[in-house]
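A short write-up of the structure that comes next.
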Amino acid sequence: MAHPTPYVRDARLSDFDEMAAFSALAFAGDPEMNWFAGLTTALVDAPPAQNSHGLRNLEVFMDYINRSVHVAGGRLTVVAIPQADGGEKLVAFAAWVPPGKNIDSTMTLIRAKGYRSVWTWGLSVAWRAGVVFKPTINGLVVEITATDPEYQGKGYAGMLMRENEAHIDDSKPITLEATTTHSRDVYARLGFEVIQSLTLGKGDVNQYGLKVKDRDAASGFTVWIMIKWPKERVTVKE
Numbered sequence: 001m002a003h004p005t006p007y008v009r010d011a012r013l014s015d016f017d018e019m020a021a022f023s024a025l026a027f028a029g030d031p032e033m034n035w036f037a038g039l040t041t042a043l044v045d046a047p048p049a050q051n052s053h054g055l056r057n058l059e060v061f062m063d064y065i066n067r068s069v070h071v072a073g074g075r076l077t078v079v080a081i082p083q084a085d086g087g088e089k090l091v092a093f094a095a096w097v098p099p100g101k102n103i104d105s106t107m108t109l110i111r112a113k114g115y116r117s118v119w120t121w122g123l124s125v126a127w128r129a130g131v132v133f134k135p136t137i138n139g140l141v142v143e144i145t146a147t148d149p150e151y152q153g154k155g156y157a158g159m160l161m162r163e164n165e166a167h168i169d170d171s172k173p174i175t176l177e178a179t180t181t182h183s184r185d186v187y188a189r190l191g192f193e194v195i196q197s198l199t200l201g202k203g204d205v206n207q208y209g210l211k212v213k214d215r216d217a218a219s220g221f222t223v224w225i226m227i228k229w230p231k232e233r234v235t236v237k238e
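Okay, so the sequence shown: first residue is 1 according to full-length UniProt numbering, each after it adds one.
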């Protein structure tokens with residue numbers, strides 16, 4: 001029996017719950033998300049009840065990011081795999097913010113239901129999210145990409161990148177932020193290069209974005225700002 005062929009399509013509002021659920025699993029160990037949430041223990045190491053509660057809060061935050069991009073006039077795309085019953089399994093997505101658009105306004109926060117994350121994680125999440133790098137280069141921003149952990153390593157990030165690049169102004173660069181060495185290396189294989197590295201949370205969290213009392217261990221964590229220049233938009237083997 002032939003394996004179903006994955007394809008890329010525009011995301012629908014009805015997809016957002018499914019996207020938030022698998023992206024929370026994908027980002028459960030991400031240092032930036034740990035920092036946003038103010039965690040002291042990684043979700044994977046937490047007791048079951050705490051793990052479940054933490055994942056639900058992370059789902060809410062992921063949903064807020066996606067809705068922010070939608071409200072701001074960005075584009076969200078998904079990789080879908082056809083199922084035998086005629087349905088689809090969504091396994092990856094990317095959220096794209098076009099040049100000149102802003103997802104950080106107060107009105108966007110309200111319309112995208114960002115107040116839910118402020119309620120669960122506190123006002124500190126708004127401050128922390130606000131200090132993260134905001135591109136000043138006039139180009140497309142990849143706000144977030146996520147792949148269901150069960151489907152990682154199959155080239156779906158590349159599918160999303162190539163599909164969107166075929167529909168945008170190819171005279172402008174694309175910028176994004178990598179929060180782990182793994183994501184940094186994936187983007188590098190797709191033609192992105194590091195233009196800046198930042199240390200966030202120094203004096204407060206360790207390299208995993210977890211709050212620690214030992215100041216010597218509070219090294220902070222690194223994020224990498226990456227760019228893909230127009231001339232580098234070529235097909236890259238994964």
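Note that CB positions come from ideal geometry on N, CA and C, so glycine has one too. From a predicted model like this one, the values you see are computed outputs, not experimental measurements.
Endpoints, alpha helix (DSSP H) assigned at T106: Your numbering for residue 106 matches position 106 in the sequence shown. T106 to R111 is the span of the alpha helix (DSSP H), which, as asked, contains T106.
Straight-line Cα distance separating T41 from P47: Start at 1 with the first residue of the sequence shown, and residue 47 comes out as number 47. Start at 1 with the first residue of the sequence shown, and residue 41 comes out as number 41. Each residue's alpha carbon lies about 10 angstroms from the other.
Residue environment, D148, which counts as buried when at least 16 other CB atoms sit within 10 Å: By one-based count along the sequence shown, residue 148 stands at place 148. Label assigned to D148: buried.
CB-CB length for N57 against A37, believed under 8 angstroms: Along the sequence shown, read from residue 1 onward, the residue named residue 57 stands at position 57. Along the sequence shown, read from residue 1 onward, the residue named residue 37 stands at position 37. Rounded, the Cβ-Cβ distance is 7 angstroms, consistent with contact.
Those runs of the beta strand (DSSP E) which lie wholly inside the UniProt domain "N-acetyltransferase" (79–215) and span at least 3 residues: You should have 88–97, 140–147, 174–178 and 193–200.
Span of the beta strand (DSSP E), counted from its first residue to its last, around F221: Looking up residue 221 in the sequence shown gives position 221. If you look at F221, you'll find it in the beta strand (DSSP E) that goes F221 to K228.
Whole-number beta carbon distance between W224 and R128, since they are thought to touch under 8 angstroms: Counted from its first residue, the sequence shown places residue 128 at position 128. Counted from its first residue, the sequence shown places residue 224 at position 224. Rounded, the Cβ-Cβ distance is 18 angstroms, inconsistent with contact.
CA-to-CA distance, I110 to R67, given in whole angstroms: Against the sequence shown, residue 67 aligns to sequence position 67. Against the sequence shown, residue 110 aligns to sequence position 110. In this structure, the straight-line span from the alpha carbon of R67 to that of I110 is close to 10 angstroms.
Buried or exposed by the 16-neighbour rule on C-beta atoms within 10 Å, applied to K213: As a working note, residue 213 is residue 213 in the sequence shown. That one is exposed.
Option nearest M226 by Cα separation, candidates T145, V194, A20 and E88: On the sequence shown, position 226 is the one that residue 226 refers to. Restricting attention to T145, V194, A20 and E88, the CA atom closest to the CA of M226 is found in V194.
Pairwise C-alpha distance: V79 and T15: Taking the first residue of the sequence shown as position 1, residue 15 is located at position 15. Taking the first residue of the sequence shown as position 1, residue 79 is located at position 79. The question names Thr, but residue 15 is Asp in the sequence shown. Approximately 11 angstroms, taken between the alpha carbons.
C-alpha gap between T120 and V141, whole angstroms: If you number the sequence shown from 1, residue 120 lands on position 120. If you number the sequence shown from 1, residue 141 lands on position 141. T120 and V141: Cα-Cα distance of roughly 27 angstroms.
CB of T77 within 8 angstroms of CB of R9, strictly: Here the question's residue 77 lines up with position 77 in the sequence shown. Here the question's residue 9 lines up with position 9 in the sequence shown. Yes; because the gap between Cβ atoms is below 8 angstroms, this pair is in contact.
Inter-stretch contact at 8 angstroms, needing at least 3 Cβ pairs: the region 80–98 / the region 149–162: yes
Straight-line gap, P82 to A217 (C-alpha atoms, nearest Å): In the sequence shown, the residue the question calls residue 82 occupies position 82. In the sequence shown, the residue the question calls residue 217 occupies position 217. Whole-angstrom Cα-Cα distance: 47 angstroms.
Three-state secondary structure (DSSP) of S14: Translated into the one-based positions of the sequence shown, residue 14 becomes position 14. Of the three classes helix, strand and coil, the one that applies to S14 here is helix, per DSSP.
Beta-bridge pairing of V8 - partner residues as DSSP gives them: The residue you call residue 8 lines up with position 8 of the sequence shown. Its beta-bridge partners are V79.
Beta-carbon proximity of F221 to V205, cut-off 8 angstroms: Numbered from 1 along the sequence shown, position 221 holds the residue referred to as residue 221. Numbered from 1 along the sequence shown, position 205 holds the residue referred to as residue 205. For F221 and V205, yes; Cβs fall inside 8 angstroms.
N102 versus V60: straight-line alpha-carbon distance, rounded: Your numbering for residue 102 matches position 102 in the sequence shown. Your numbering for residue 60 matches position 60 in the sequence shown. Spanning the two alpha carbons is a distance of roughly 20 angstroms.
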